[in-house]
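Here's the structure we're looking at; comments come further down.
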Amino acid sequence: LCTSMVLRGRGRIVPASSTSARNLTDPGRGRGRLSRPPASPGRTSTLYCVGRPKSASSESSSPAAACRESKAALHLCRDQLTARRGPSSEMESDPAGYLNSLRQLVEANRDLVSAVGETGLDYDREHFAPREVQMRHFRSQVSLACQLRLPLFLHCRASHAEFRAVLSEFASQLPSPPGVVHTFDGSAEDAAELLAMGFYLGLNGLKTADNLRVVSGLPLDRLLLETDAPWCEVKPSHAGHSHVTPSSRFESRKAERWSPGCMVKGRNEPACILQVLQVVAATLGQPAEKVASAAFANTCRLFGLAEAAAPSTVEGDN
Ligand SMILES: [Zn+2]
Numbered sequence: 001l002c003t004s005m006v007l008r009g010r011g012r013i014v015p016a017s018s019t020s021a022r023n024l025t026d027p028g029r030g031r032g033r034l035s036r037p038p039a040s041p042g043r044t045s046t047l048y049c050v051g052r053p054k055s056a057s058s059e060s061s062s063p064a065a066a067c068r069e070s071k072a073a074l075h076l077c078r079d080q081l082t083a084r085r086g087p088s089s090e091m092e093s094d095p096a097g098y099l100n101s102l103r104q105l106v107e108a109n110r111d112l113v114s115a116v117g118e119t120g121l122d123y124d125r126e127h128f129a130p131r132e133v134q135m136r137h138f139r140s141q142v143s144l145a146c147q148l149r150l151p152l153f154l155h156c157r158a159s160h161a162e163f164r165a166v167l168s169e170f171a172s173q174l175p176s177p178p179g180v181v182h183t184f185d186g187s188a189e190d191a192a193e194l195l196a197m198g199f200y201l202g203l204n205g206l207k208t209a210d211n212l213r214v215v216s217g218l219p220l221d222r223l224l225l226e227t228d229a230p231w232c233e234v235k236p237s238h239a240g241h242s243h244v245t246p247s248s249r250f251e252s253r254k255a256e257r258w259s260p261g262c263m264v265k266g267r268n269e270p271a272c273i274l275q276v277l278q279v280v281a282a283t284l285g286q287p288a289e290k291v292a293s294a295a296f297a298n299t300c301r302l303f304g305l306a307e308a309a310a311p312s313t314v315e316g317d318n
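If you're matching positions, the sequence shown starts at 1 in UniProt numbering and goes up one per residue.
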């Protein structure tokens, strides 16, 4: 629901099987070997997600907060941007002004911005914004991506028909490739329609047997792997959990008892991308190495990133 940006790091790109994204603006993400941002972030990360600390107050659907977080992420990439503003209701009171400031932010940082998003519809979160408000701002954000010729990073929950309808309105204007629908959990029909429009589908926790059935029919050249950390972990109750091997189940401890080499309990971490890979590979009936290579190439193609590093050998038993 928030408009912000997906940023690219400076330097070497690592394959999706290692780490595909980090929430570097999340102040709570600094603990642990598996979670600590690298000393020189641009050197080892591919994409930077705008910050999303896992706390009750921070599922901030506030566009102003998203804009602020985008600037914080840019600051990390640029090492010199210092713009920060206090919260405002800028988007609600002055939507044109808000979109214009976002456009200017993108245009001033073209070399770092890879996509417009995360944006979309979430009808399970109407307490943050009613449907008509979501729909109005979703349209304006898709329009902005079309004008900027940047791919969209999209979110869709419990709203597939309306979501597809909005994208269809812009079908002739969408950039190529048009973007990715992350945390995809739609039906085979939803997938077919989005694929026909050129979209990629981002996969993470894959909760249900239905989710797995849909994934089993998806083309390898349109899949992205993601963790959506700090949420959407592959839980033991999830349909694909049996495909997660012991070597990719990382030890976790409560934050106050944390020690090096552990994850923080209850928090999904970028390292868990390996678990997603194992679930998706097993569901597709393909070797994990092949799926990792494809997802990495897809990520580079979608976001216009050079494939600067060959995917490394995938650890694990799969
Ligand atoms: Zn999302």
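Cβ atoms here follow ideal geometry from the backbone N, Cα and C, with glycine treated the same way.
**Q.** Cross-strand partners of Met-263 (DSSP beta bridge)
**A.** DSSP lists Ser-252 as partners of Met-263.
**Q.** Inter-residue Cα distance where the pair is Leu-302 and Ser-187
**A.** For Leu-302 and Ser-187, the gap between their C-alpha atoms comes out near 23 Å.
Q. From Gly-28 to Ser-176, what distance separates their C-alpha atoms?
A. With a pLDDT of 40 at Gly-28, under the threshold of 50, the predicted position of this residue should be treated as unreliable, and no value is reported.
Q) When the Cα atoms are used, what is the spatial distance from Gln-278 to Leu-218? A) Cα to Cα, the separation comes out at about 16 Å.
(Q) Am I right that Leu-150 and Ala-115 are in contact with their C-beta atoms under 8 Å? What's the rounded C-beta distance? (A) Cβ-Cβ separation between Leu-150 and Ala-115: approximately 6 Å, consistent with a contact (criterion under 8 Å).
(Q) So, at 7 Å on beta carbons, what are the nonlocal neighbours of Leu-225 in its own chain, with the 5 sequence-adjacent residues on each side left out? (A) Here Leu-225 has Ala-16, Ser-20, Leu-203, Ile-273, Val-276, Leu-277, Val-280 and Ala-295 as same chain residues with Cβ atoms under 7 Å from its own Cβ, once five neighbours each way along the sequence are excluded.
(Q) Does the distance between the C-beta of His-127 and the nearest non-hydrogen atom of ligand 1 fall short of 7 Å? (A) Not under cutoff, so the answer is no.
(Q) Contact between the region 244–264 and the region 179–186 is defined here as three or more beta-carbon pairs at a separation below 8 Å; is this criterion met? (A) With fewer than three CB-CB distances shorter than 8 Å, the region 244–264 does not count as touching the region 179–186.
Q. Would the beta-carbon of Thr-183 be found less than 7 Å away from any heavy atom of ligand 1?
A. A heavy atom of ligand 1 is found nearer than 7 Å to the CB of Thr-183.
Q) For ligand 1, any of its heavy atoms closer than 7 Å to the Cβ of His-238? A) When distances are taken from the beta-carbon of His-238 to the heavy atoms of ligand 1, even the shortest one reaches 7 Å or more.
Q) Going by other Cβ atoms of all chains shown within 10 Å of its Cβ, with 16 needed for buried, is Asn-100 buried or exposed? A) Classification for Asn-100: exposed.
Q: For my contact list, Arg-222 and Tyr-200 are in at a C-beta cut-off of 8 Å; report their separation, rounded to the angstrom.
A: Indeed they touch by this definition, with Cβ atoms about 5 Å apart.
Q. Quick one: Cα of Val-142 to Cα of Asn-109, how far?
A. CA-CA distance, Val-142 to Asn-109, rounds to 19 Å.
Q: Using 7 Å as the cut-off, classify the Cβ of His-160 as near or not near the heavy atoms of ligand 1, replying yes or no.
A: Every heavy atom of ligand 1 is 7 Å or more from the Cβ of His-160, so no.
Q: Return the CA-CA distance between Ser-293 and Arg-136, expressed in angstroms with no decimal places.
A: If you take the alpha carbons of Ser-293 and Arg-136, they lie about 38 Å apart.
(Q) Which residues does DSSP list as the beta-bridge partners of residue 320? (A) A query on residue 320 cannot be resolved here, the shown segment of the chain reaching from 1 to 318 and no further.
Q | Residue nearest to Leu-174 in terms of C-alpha spacing, selected from Gln-147, Asp-185, Ser-259 and Ala-229 | A | Of Gln-147, Asp-185, Ser-259 and Ala-229, the smallest CA-CA separation from Leu-174 is found for Gln-147.
Q: Output the distance between the C-alpha atoms of Leu-305 and Leu-154, rounded to the nearest integer angstrom.
A: Near 19 Å, if we compare the C-alpha coordinates of Leu-154 and Leu-305.
Q: Have a look at Gln-104, Asp-111 and Arg-139 and flag the residue whose alpha-carbon is nearest the alpha-carbon of residue 319.
A: Limits of the chain in this structure are 1 at one end and 318 at the other, which puts residue 319 out of reach.
Q. Which of the three DSSP states, helix, strand or coil, is assigned to Gly-97?
A. Three-state result, Gly-97: helix.
Q. Can you give the Cα-Cα distance for Glu-243 and Gly-285, rounded to whole angstroms?
A. Per the sequence presented here, residue 243 reads as His, with Glu not at that position. Using only the alpha carbons, I get a separation of about 11 Å.
Q) Where does Gln-104 land, buried or exposed, given buried means 16+ other C-beta within 10 angstroms? A) Counting of Cβ neighbours within 10 angstroms places Gln-104 among the exposed residues, the total staying below 16.
Q. Does the beta carbon of Glu-118 fall short of 7 Å from some heavy atom of ligand 1?
A. Checking every heavy atom of ligand 1 against the Cβ of Glu-118, one is found closer than 7 Å.
Q | Asp-124 classed as buried or exposed, judged by whether at least 16 other C-beta atoms fall within 10 angstroms | A | Asp-124 comes out exposed.
Q: Report buried or exposed for Gly-261, applying the criterion of at least 16 other Cβ atoms within 10 angstroms of its Cβ.
A: Result: exposed.
Q | Coarse secondary structure for Val-181, derived from DSSP in three states | A | Annotated three-state conformation of Val-181 is strand, per DSSP.
Q: Within 10 angstroms of the Cβ of Ser-93, are there 16 or more other Cβ atoms? Answer buried if so, exposed if not.
A: Its Cβ having fewer than 16 others within 10 Å, Ser-93 is exposed.
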